[in-house]
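Written below as structure tokens is the structure these notes are about.
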Amino acid sequence: MASEKLTSTEYIKHHLTNLTFGQHPDGSWGFAHNAQEIKEMGFWAIHVDTMIWSFLLGGLFIWLFGKAARRATADTPSGLLNFVEWVVEFIDDNVRGSFSAKNDLIAPLALTLFVWILLMNCMDLVPVDWIPWATQQVMHHVFGADPHHVYMKVVTTTDVNATFGMSLSVFVLTLYYSFKIKGPIGFASELTMQPFSAKNPILKIIFMPINLFLEGIGLISKPVSLSLRLFGNLFAGEMIFILIALLYSGGLFWGLMGGFLQWGWAVFHILIVLLQAFIFMVLTVVYLEMAHHEH
Amino acid sequence: MNINLTLIGQSLAFLVFVWFCMKFIWPPLMNALEERKKNIADGLAAAERGRKEHELSEKRAAEVIKEAKGKAADIIAGAERRGAEIVEEAKTDAKIEGERIITAAQTEIEQEINRARETLRGELAALATAGAEQILGKEVDADAHREMLDELAAQL
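Just so you know, the sequences run in chain order A and B. Note that the first sequence covers residues 1 to 295 in the numbering used here. Note that the second sequence covers residues 1 to 156 in the numbering used here.
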């Protein structure tokens with residue numbers, strides 16, 4: 001285990017640090033060697049592990065479902081097609097249940113969100129040290145890198161960039177459809193004419209900033225809560241996996257205890273993994289539904 | 001919790017995946033599902049139609065059979081009647097023919113009797129003549145006594 005030469009704190013921190021590529025303060029580009037360097041890189045840095053894993057898993061989704069889509073026939077489905085159709089129908093039912101307007105984007109969006117997030121969340125169930133250890137070995141032996149500086153955060157949804165990336169995209173879509181469906185005036189009135197409204201024009205104008213403030217908070221809180229909910233759940237889950245993994249360095253008893261705990265937590269976490277993907281998907285559909293209708 | 005370029009990268013990746021899904025994954029799958037739904041509905045409708053047709057044709061078949069049975073019964077009854085008629089006709093014919101034969105036979109018998117009677121009469125006349133000759137001792141002139149002899153013969 002990597003913790004042999006590390007303190008517990010360092011072990012945990014190591015697990016929670018992204019493999020980051022960016023511009024050092026001195027102007028050179030390269031991988032960050034520790035958390036301090038990542039901070040110094042500022043905005044112009046990229047989490048290579050997040051990008052790789054999200055692309056791999058997104059690619060897996062596209063490949064698997066694309067394969068099924070190419071094979072899709074009206075005949076008796078079998079194997080992969082059966083499974084994919086089951087997922088697609090599940091999403092379609094959910095979207096039909098909560099989205100009433102006609103928009104061809106919503107259902108594929110929901111499908112992509114659900115499957116992608118589910119796959120990214122499922123990386124949580126892989127024992128926390130396997131992939132980082134393998135990466136360290138490869139980087140150490142092939143590229144001669146110091147294993148202590150090789151970070152690999154496998155669970156993409158524990159990176160707030162990934163969850164915000166999705167929720168902000170959804171937010172932009174929400175704004176886009178609000179403008180498109182309700183028009184600028186309709187959207188503006190939705191933000192300023194409620195919840196407080198009055199017949200008196202002067203009162204109306206007085207209420208406007210209050211309404212805008214309240215509705216603005218409501219509007220902004222949607223993407224923030226959407227992404228932080230997913231991030232928080234998965235981050236906490238991953239954290240507990242890491243803490244359990246610490247037990248393995250505590251001897252036979254604690255090792256066995258750790259094994260048992262990890263199994264139990266993983267079983268429980270399957271629920272969270274699925275539930276969070278589902279919640280993200282459903283809320284996205286609900287937000288877009290709200291963007292399509294005056295309320 | 002470092003917000004950096006990854007945010008943009010992830011957003012782009014997300015949008016690309018959504019776009020790909022919308023273009024190449026969702027429509028064919030949905031089409032397949034819709035088509036299958038339609039096929040199943042059609043199949044069920046066809047089955048229902050088939051069932052109804054089957055029922056109808058069974059009813060029709062039963063009617064045809066009933067009709068055929070009625071016809072067959074009529075034909076058999078007609079044939080029986082005809083047979084009886086034929087038998088009756090044959091009986092009548094036979095009776096007539098029999099009577100005719102009997103009448104003919106009786107006529108013939110009467111004729112035979114008459115002929116025999118004539119012959120016997122002739123023979124008796126001859127015998128009587130011969131007897132008379134013997135009694136009288138001389139020949140009876142047949143021509144001379146023709147009248148008398150004929151009268152005798154008629155009396156016999």
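Cβ coordinates follow ideal geometry from the N, Cα and C atoms, glycine included.
When you compare the CB of residue i with every CB in chain B, is at least one pair closer than 7 Å?
i: A:His-47; result: yes
i: A:Pro-108; result: yes
i: A:Ala-2; result: Residue confidence for A:Ala-2 is low, a pLDDT of 44 falling below 50, so the modelled location carries little weight and cannot support an answer.
i: A:Val-88; result: yes
i: A:Leu-288; result: no
i: A:Gly-165; result: yes
i: A:Gly-79; result: no
i: A:Leu-283; result: no
i: A:Ala-236; result: no
i: A:Gly-66; result: yes
Taking only three categories from DSSP, how would you classify residue i?
i: A:Ala-101; result: coil
i: B:Gln-155; result: helix
i: A:Ser-3; result: Since pLDDT at A:Ser-3 reaches only 41, below the 50 mark, its modelled position is unreliable, and no value is offered.
i: A:Trp-44; result: coil
i: A:Glu-22; result: Before going on, a small fix: residue 22 of chain A reads as Gly here, not Glu. If DSSP states are grouped into helix, strand and coil, A:Gly-22 belongs with the strands.
i: B:Leu-15; result: helix
i: A:Phe-235; result: helix
i: A:Gly-30; result: strand
i: A:Leu-288; result: helix
i: B:Asn-4; result: coil
i: A:Gly-79; result: coil
i: A:Phe-196; result: coil
i: B:Glu-118; result: helix
i: B:Lys-69; result: helix
i: A:His-293; result: coil
i: A:Met-139; result: helix
i: A:Val-115; result: helix
CA-CA distance, residue i and residue j?
i: B:Gly-78; j: B:Ile-86; result: 12 Å
i: B:Arg-81; j: B:Lys-69; result: 18 Å
i: B:Asp-93; j: B:Glu-123; result: 44 Å
i: A:Tyr-248; j: A:Gly-255; result: 4 Å
i: A:Ile-185; j: A:Leu-175; result: 13 Å
i: B:Val-18; j: B:Leu-7; result: 16 Å
i: A:Arg-96; j: A:Ile-117; result: 21 Å
i: A:Leu-109; j: A:Gly-250; result: 46 Å
i: B:Thr-120; j: B:Leu-149; result: The sequence as given places Leu at residue 120 of chain B; Thr does not occur at that position. Computed Cα separation, rounded: 14 Å.
i: A:Gly-264; j: A:Gln-23; result: 42 Å
i: B:Met-22; j: A:Thr-73; result: 18 Å
i: B:Gln-134; j: B:Arg-146; result: 18 Å
i: A:Leu-262; j: A:Gly-216; result: Sequence check: residue 262 of chain A is Gln here, not Leu. Approximately 42 Å between the Cα atoms of the pair.
i: B:Thr-103; j: B:Ala-128; result: 36 Å
i: B:Glu-53; j: B:Ile-65; result: 18 Å
i: A:Leu-214; j: A:Leu-113; result: 29 Å
i: A:Ile-12; j: A:Met-239; result: 8 Å
i: A:Asn-161; j: A:Ile-52; result: 13 Å
i: A:Val-115; j: A:Leu-274; result: 10 Å
i: A:His-292; j: A:Asn-211; result: 20 Å
i: A:Phe-143; j: A:Glu-10; result: 23 Å
i: B:Ala-132; j: B:Ile-113; result: 27 Å
Under 7 Å, do residue i and residue j count as touching if we go by C-beta distance?
i: A:Val-48; j: A:Leu-80; result: no
i: A:Phe-280; j: A:Leu-230; result: yes
i: A:Thr-76; j: A:Asp-159; result: no
i: A:Phe-43; j: B:Asn-4; result: yes
i: A:Phe-187; j: A:Phe-179; result: yes
i: A:Ile-242; j: A:Val-128; result: yes
i: A:Ala-277; j: A:Asn-121; result: yes
i: B:Leu-15; j: A:Ala-69; result: no
i: A:Met-123; j: A:Thr-135; result: no
i: A:Ser-167; j: A:Ser-98; result: no
i: A:His-141; j: A:His-33; result: no
i: A:Gly-258; j: A:Ile-244; result: yes
i: A:Ser-54; j: A:Thr-156; result: yes
i: A:Ser-169; j: B:Ser-11; result: yes
i: A:Phe-38; j: B:Asn-2; result: One point to set straight first is that residue 38 of chain A is Ile, not Phe, in the sequence displayed. Contact: yes.
i: A:Gly-66; j: B:Ile-25; result: yes
i: A:Leu-125; j: A:Ala-266; result: yes
Using beta carbons (cut-off 7 Å, strictly below), is residue i in contact with chain A?
i: B:Leu-44; result: no
i: B:Val-18; result: yes
i: B:Ser-57; result: no
i: B:Ser-11; result: yes
i: B:Ala-61; result: no
i: B:Glu-35; result: yes
i: B:Ala-32; result: yes
i: B:Ile-25; result: yes
How would you list, in chain order, the residues of chain C whose beta-carbon sits under 7 Å from the beta-carbon of residue i?
i: A:Lys-13; result: The chain labelled as chain C is not found among the protein chains of the depicted structure, namely A and B.
message: Going residue by residue through the stretch 199–274 of chain A, where are the continuous alpha helix (DSSP H) segments of at least 4 residues, counting only ones entirely within it?
response: Runs found: 201–246.
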